[in-house]
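Notes follow the structure.
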DNA sequence: AAAACACTGAAGCATTTACTTAACTATTGC
DNA sequence: GCAATAGTTAAGTAAATGCTTCAGTGTTTT
């Protein structure tokens, strides 16, 4: 479910906005209500709710409503999925460089086959 | 330079688009020319160049032109910076959970402050 | 019961984004 | 030199995004 391309797309899209990253940052220090999330942001509560809905749709944030207050938390599994996507590509690149280095060392060749 | 918020913003914005992620994915398997990057994508060369320029501005991709062909490579440092941003937030959250768990175990309390 | 609080949803609007096409500039091969 | 190749740039456009305001809905507090 978390490695599904559509979900990955929603996550990166969610992380693309500075206000949403600021919300994630705030939530990384502990749960918060919608108003608490909104407080440091220079925009209406309504705008914050819209951002929050995207964050929730992406899976990065989970919320639950008790009475009139919606409490938000980070979903670490989702963060890990985004991290993983990047990590895989970086490692693929670095492994390739390593193999290339080994090859050049073994053959004493100094050309690259690209 | 890489942890500068403006650069982080450009990176996440760059990663938000599926076509650009596909290009990064392709480049993780090795360097490629603009046309090679364009080949699997259902859009004009021109559109690909525009995506590529964003990727380069974000620092995720480095390019160099030799003759008439522009060769593109991944910049692993930049990928690492994006990875790092996510990782820091996730770890902050998980450390907080750990501390909370320790506290509850020590006091024998079974309520959680959420 | 009335007022304050914590959101929520819809409509509208300005900007940004992701393209397209078309005209153009260098290289390279014949 | 001429044509093909590889990429670049500009202008235009349709759709998506990030807001705003305003009019709600439930939930506490007094």
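Residue numbers (the UniProt record's numbering), protein chains in the order written: chain A, 1 to 114; chain B, 1 to 114. For every residue, glycine included, the Cβ atom is placed at its ideal position computed from N, Cα and C. A quick note: this is a predicted structure, and the numbers were derived from the prediction, not measured.
Item to check | For residue 74 (chain A): DSSP bridge partner residues | outcome: The residue you call residue 74 (chain A) lines up with position 74 of the first chain. Its beta-bridge partners are A:61.
Item to check | Three-way DSSP call (helix, strand, coil) for residue 44 (chain B) in this model | outcome: For the purposes of this step, residue 44 (chain B) is taken as residue 44 along the second chain, with counting starting at 1. Note: residue 44 (chain B) maps to coil in three-state DSSP.
Checklist entry - Closest Cβ-Cβ distance between residue 39 (chain A) and chain B: below 8 angstroms? => result Here the question's residue 39 (chain A) lines up with position 39 in the first chain. It does not; no Cβ of chain B falls within 8 angstroms.
Item to check | Where the alpha helix (DSSP H) through residue 37 (chain A) begins and ends | outcome: Position 37 of the first chain, counted from the start, is the residue given in the question as residue 37 (chain A). Run containing residue 37 (chain A): 34–38, per the alpha helix (DSSP H) assignment.
Checklist entry - Closest by CA to residue 65 (chain A), which one among A:28, A:33, A:51, A:77? => result Counted from its first residue, the first chain places residue 65 (chain A) at position 65. Among A:28, A:33, A:51, A:77, the Cα nearest to that of residue 65 (chain A) belongs to A:33.
Next on the checklist: So if I threshold CB-CB distances at 7 angstroms, which residues from the segment 78–106 of chain A count as touching chain B?
Outcome noted: 79, 80, 82, 83, 86, 87, 89, 90, 92, 93, 94, 96
Item to check | Test item: CB-CB of residue 93 (chain B) and residue 74 (chain A) under 8 angstroms | outcome: For this step, residue 93 (chain B) is matched to residue 93 along the second chain. For this step, residue 74 (chain A) is matched to residue 74 along the first chain. Yes, these two residues count as a Cβ contact at 8 angstroms.
Item to check | Identity of the residues DSSP links to residue 79 (chain B) by a beta bridge | outcome: Along the second chain, read from residue 1 onward, the residue named residue 79 (chain B) stands at position 79. Partner(s): none; residue 79 (chain B) has no beta bridge.
Next on the checklist: By alpha-carbon positions, which one of B:76, B:56, B:44, B:5 ends up nearest to residue 21 (chain A)?
Outcome noted: On the first chain, residue 21 (chain A) is found 21 positions in, with the first residue counted as 1. When each option's Cα is compared against that of residue 21 (chain A), the closest is B:5.
Next on the checklist: Taking the straight line between their C-alpha atoms, what separation do you get for residue 39 (chain A) and residue 51 (chain A)?
Outcome noted: In the first chain, residue 39 (chain A) corresponds to position 39, counting from 1. In the first chain, residue 51 (chain A) corresponds to position 51, counting from 1. Each residue's Cα considered, the two are about 14 angstroms apart.
Checklist entry - So what does DSSP say about residue 66 (chain A), is it helix, strand or coil? => result Within the first chain, residue 66 (chain A) is the residue found at index 66, counting from 1. Strand.
Checklist entry - Can you list, in chain order, the residues of its chain whose CB lies under 6 angstroms from that of residue 97 (chain B), leaving out five sequence neighbours each side? => result The residue given as residue 97 (chain B) occupies position 97 in the second chain. Within the same chain, residue 97 (chain B) has no close Cβ partners at all.
Item to check | Proximity of residue 10 (chain B) and residue 77 (chain B) at Cβ, strictly below 8 angstroms | outcome: Numbered from 1 along the second chain, position 10 holds the residue referred to as residue 10 (chain B). Numbered from 1 along the second chain, position 77 holds the residue referred to as residue 77 (chain B). In this structure, residue 77 (chain B) does not lie closer than 8 angstroms to residue 10 (chain B) by Cβ.
Next on the checklist: Just checking: is the beta-carbon of residue 19 (chain B) within a distance shorter than 8 angstroms of some beta-carbon in chain A?
Outcome noted: As a first step, residue 19 (chain B) must be located in the second chain, where it is residue number 19. It does not; no Cβ of chain A falls within 8 angstroms.
Checklist entry - Hey, is residue 42 (chain A)'s beta-carbon within less than 8 angstroms of any beta-carbon in chain B? => result For the purposes of this step, residue 42 (chain A) is taken as the residue at position 42 of the first chain. Not closer than 8 angstroms to any Cβ of chain B, the Cβ of residue 42 (chain A) fails to qualify, so no.
Next on the checklist: I believe residue 60 (chain A) touches residue 16 (chain A) by the beta-carbon criterion, under 8 angstroms. Please report the beta-carbon distance rounded to the nearest angstrom.
Outcome noted: Against the first chain, residue 60 (chain A) aligns to sequence position 60. Against the first chain, residue 16 (chain A) aligns to sequence position 16. Between residue 16 (chain A) and residue 60 (chain A) the Cβ distance is about 12 angstroms, and since that is not below 8 angstroms, they are no contact.
Checklist entry - To the nearest angstrom, how far is it from the Cα of residue 89 (chain A) to the Cα of residue 72 (chain A)? => result Sequence index remark: in the first chain, residue 89 (chain A) carries index 89 (1-based). Sequence index remark: in the first chain, residue 72 (chain A) carries index 72 (1-based). Taking the straight line from one Cα to the other gives about 31 angstroms.
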